[in-house]
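First up is the structure itself, then whatever we jot down about it.
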């Protein structure tokens, strides 16, 4: 399995709370991504980064924010969680290479009550 | 904009048999890459197979092979000798090549169940 980690794996939290989902990779990849995936559904890109201090919004609008201060770390933050944020969040990384393969973390399943 | 369509929400197959998952895509680009990813229940998504659009030869990885029809914009995955461990959700994905900022576009996914 790829060396990309996400914590926590499962999170149940009340409405209005601030949360940070952690993602780290040890492969030295410059490119990192956050996807949102509802159960049994397709993946939607919500944020991506091409390197330190680079962050861009993805195709699906999200109220979350991200930061990229270190190459290996790409956390996602929700300032005020709402039930509509309930979903699975997948982190991925890739090299700048013709292969374009993305390596995925195990995901964080978030439930906002 | 690129789109990827998987028209089979669910498929099932008996162990040791062969199954084919369908994928079509739409693009005006000529340089691109296609992928099949596998997402087992509660486990990490992993790459199954990759096809470069400029290669005419279909990619093969052990029991997994693709039928890449560039003119028809079709990219199906064939799994031979299906095993219980193949049970997963399979995603077809597309990326434009030749750029450093490419983003994957995923299909809707196909849930494959392998029965003993």
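Residue numbers (the numbering used here), protein chains in the order written: chain W, 70 to 182; chain Y, 93 to 208. Glycine is no exception: its CB is placed at the ideal position from the N, C-alpha and C atoms. Note that the structure is a prediction, hence the values are computed from the model and not measured.
- Between the C-alpha atoms of residue 111/W and residue 168/Y there is a straight-line separation of about 18 Å.
- The C-alpha of residue 144/W is placed about 5 Å away from the C-alpha of residue 91/W.
- In this structure, residue 108/Y and residue 174/Y form a Cβ contact; the two beta carbons are roughly 6 Å apart against a cut-off of 8 Å.
- Residue 98/W is positioned such that its CB atom lies closer than 7 Å to that of residue 162/W.
- When 140/Y, 141/Y, 112/Y, 137/Y are compared, the shortest CA-CA separation from residue 206/Y is found for 112/Y.
- Taking every protein chain shown into account, the CB of residue 137/W has 16 or more other CB atoms within 10 angstroms, so this residue is buried.
- Following the DSSP letters along the chain, one finds residue 92/W inside the beta strand (DSSP E) bounded by residues 88-94.
- Spatial neighbours of residue 101/W in its own chain (CB-CB distance under 6 Å, excluding positions within 5 residues in sequence) are listed in chain order as 118, 143, 162.
- Linking residue 130/W to residue 151/W through their CA atoms gives a straight-line distance of about 15 Å.
- For residue 154/W, the secondary structure class from DSSP, reduced to helix, strand or coil, is helix.
- Chain-order list of chain W residues neighbouring residue 103/Y: empty, with the shortest C-beta distance near 14 Å, by a criterion of under 8 Å.
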